[in-house]
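Only one structure is covered here, and it is reproduced in the block below.
Numbering (this note's numbering), first residue to last: 111 to 481.
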């Protein structure tokens, strides 16, 4: 009997549908670098529209779907839409291109990667070149650094590069695309944090399909420009002026090699959503998330952040005189690479935790510790 109960407890019911997964693949594969998120935002809004009452977009491209827009009490669920990328910084006389970061792009993974350079004439293909192993002699090999990685788009002069529509300031993204690995993990570039936008859209879908009526206004927010300092969240928090905010982003799976758990904590993909402890995380809202997880048998993990969470949580928490905010993170392997990896069940469980938590928030709820 005990074994049967354990098996029943371990059984996982998927939340993501085949249709949802098709959207996720299209959404991940579409490039939406910081400052240039609009094509991804269009895809996201088109998916979200059947589940909301109205939507709006701010001047920099943050997209917001709203349920119960006339309600006075406002709850935000939020993710960020942008992905890390590169900018064209310098074109040499012989047609090679040097770059600078747009967000936290990793110079060490760049060599031999295929990229798309975004121009007004369309996409231009290029590669990050690197000297062959046969030619790298000397006592100490030179490692990839921002100052020595370069793009080759097949041109032999600066003029030829410019004729393709490439100029200083053109944005560059990797080609790598979405896949499912071992029927267990979603893999791709920009899961940080486009998978967050997907998950909050799925929450809206569940609310609609399950005919749940919320006693407050729900703002499903897909913010821009998180990767360069939480800028989109800062702007939209001032516009919406929410009463409560639940943020979702990714965090590090610390079980892979070369990560120090003493510093990064002990978190693993497949073991559930991560709830955070940090000054920006409002204690009683966080307790609501934990009690909701426990009540609904949603597995979860815990993480502590020193000073700040480094996510849009900080922007919402410290806006408008202080907004009760909390963070639900998705464990992710290989952050800021082109093979970011998250567990399918964790994605389902983050969706479920946000959904069930919304059902436990009341109109006008006061989260203060004392009054």
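Glycine included, every Cβ here is placed at the ideal spot set by N, Cα and C.
In this structure, does DSSP put residue i in helix, strand or coil?
{"i": "residue 189", "result": "strand"}
{"i": "residue 454", "result": "helix"}
{"i": "residue 473", "result": "coil"}
{"i": "residue 262", "result": "strand"}
{"i": "residue 117", "result": "For residue 117, the predicted structure reports a pLDDT of 49, less than 50, and the residue's modelled location is therefore unreliable. A value from the coordinates is still provided. Note: residue 117 maps to helix in three-state DSSP."}
{"i": "residue 267", "result": "coil"}
{"i": "residue 398", "result": "helix"}
{"i": "residue 384", "result": "strand"}
{"i": "residue 210", "result": "strand"}
{"i": "residue 413", "result": "strand"}
{"i": "residue 391", "result": "coil"}
{"i": "residue 338", "result": "coil"}
{"i": "residue 251", "result": "coil"}
{"i": "residue 111", "result": "With a pLDDT of only 49 at residue 111, under the threshold of 50, the placement of this residue in the model should not be trusted; the figure read from the coordinates follows. The answer is coil: DSSP assigns residue 111 none of H, G, I, E or B."}
{"i": "residue 368", "result": "coil"}
{"i": "residue 304", "result": "helix"}
{"i": "residue 479", "result": "coil"}
{"i": "residue 257", "result": "coil"}
Tell me where the beta strand (DSSP E) around residue i begins and ends.
{"i": "residue 197", "result": "195-201"}
{"i": "residue 289", "result": "289-291"}
{"i": "residue 178", "result": "Where residue 178 is concerned, there is no enclosing beta strand (DSSP E), given that its DSSP letter is neither H nor E."}
Taking the Cβ atom as the reference point for each residue, do residue i and residue j lie within a distance shorter than 8 Å?
{"i": "residue 404", "j": "residue 130", "result": "no"}
{"i": "residue 377", "j": "residue 384", "result": "yes"}
{"i": "residue 154", "j": "residue 332", "result": "yes"}
{"i": "residue 197", "j": "residue 282", "result": "yes"}
{"i": "residue 263", "j": "residue 210", "result": "no"}
{"i": "residue 359", "j": "residue 390", "result": "no"}
{"i": "residue 213", "j": "residue 195", "result": "yes"}
{"i": "residue 266", "j": "residue 216", "result": "no"}
{"i": "residue 388", "j": "residue 429", "result": "no"}
{"i": "residue 188", "j": "residue 473", "result": "no"}
{"i": "residue 125", "j": "residue 461", "result": "yes"}
{"i": "residue 162", "j": "residue 330", "result": "yes"}
{"i": "residue 337", "j": "residue 144", "result": "yes"}
{"i": "residue 238", "j": "residue 274", "result": "no"}
{"i": "residue 147", "j": "residue 334", "result": "yes"}
{"i": "residue 276", "j": "residue 305", "result": "no"}
{"i": "residue 278", "j": "residue 156", "result": "no"}
Excluding the 5 residues preceding and the 5 following residue i in the sequence, name in chain order all residues of the same chain whose CB lies nearer than 8 Å to its CB.
{"i": "residue 117", "result": "Here the model assigns residue 117 a pLDDT of 49, short of 50, so the residue's position is not dependable, and the following value carries that caveat. Nothing listed; no residue qualifies."}
{"i": "residue 327", "result": "176, 177, 178, 179, 180, 181, 182, 183, 184 and 185"}
{"i": "residue 122", "result": "455 and 458"}
{"i": "residue 291", "result": "297 and 451"}
{"i": "residue 479", "result": "393 and 394"}
{"i": "residue 111", "result": "Confidence at residue 111 is low in this model, with a pLDDT of 49, below 50, so the placement of that residue is unreliable and no value is reported for it."}
{"i": "residue 379", "result": "295, 363, 365, 441, 442, 443, 451, 452, 453 and 456"}
{"i": "residue 348", "result": "429 and 430"}
{"i": "residue 252", "result": "246 and 258"}
{"i": "residue 310", "result": "187, 188, 189, 330, 331, 332, 358 and 464"}
{"i": "residue 317", "result": "161, 177, 324, 328, 465 and 468"}
Under DSSP, the alpha helix (DSSP H) around residue i begins and ends at which residues?
{"i": "residue 426", "result": "422-427"}
{"i": "residue 347", "result": "341-350"}
{"i": "residue 149", "result": "148-158"}
{"i": "residue 407", "result": "Segment: none, residue 407 is in no alpha helix (DSSP H) and carries neither H nor E."}
{"i": "residue 374", "result": "371-374"}
Which partner residues does residue i have in the DSSP bridge list?
{"i": "residue 184", "result": "327"}
{"i": "residue 359", "result": "439"}
{"i": "residue 173", "result": "167 and 332"}
{"i": "residue 295", "result": "291 and 453"}
{"i": "residue 315", "result": "Beta-bridge pairing links residue 315 to no other residue."}
{"i": "residue 76", "result": "Residue 76 cannot be examined here, being either before or after the span of the chain that is shown, 111 to 481."}
{"i": "residue 143", "result": "193"}
{"i": "residue 354", "result": "185"}
To which residues of the same chain is residue i closer than 7 Å at the C-beta, ignoring the five residues directly before and after it?
{"i": "residue 345", "result": "168, 170 and 172"}
{"i": "residue 127", "result": "none"}
{"i": "residue 322", "result": "469"}
{"i": "residue 409", "result": "381, 382 and 459"}
{"i": "residue 467", "result": "356, 398, 399 and 402"}
{"i": "residue 289", "result": "297 and 298"}
Please work out which residues of its chain come closer than 6 Å, Cβ to Cβ, to residue i, disregarding the five sequence neighbours upstream and downstream, and give them in chain order.
{"i": "residue 434", "result": "354, 392, 395 and 477"}
{"i": "residue 299", "result": "284, 286 and 448"}
{"i": "residue 315", "result": "161"}
{"i": "residue 352", "result": "184, 186 and 433"}
{"i": "residue 141", "result": "283"}
{"i": "residue 256", "result": "217"}
{"i": "residue 406", "result": "466"}
Quick check on residue i - is its C-beta less than 8 Å from some C-beta in chain C?
{"i": "residue 167", "result": "In the displayed structure, chain C is absent; only one protein chain is listed."}
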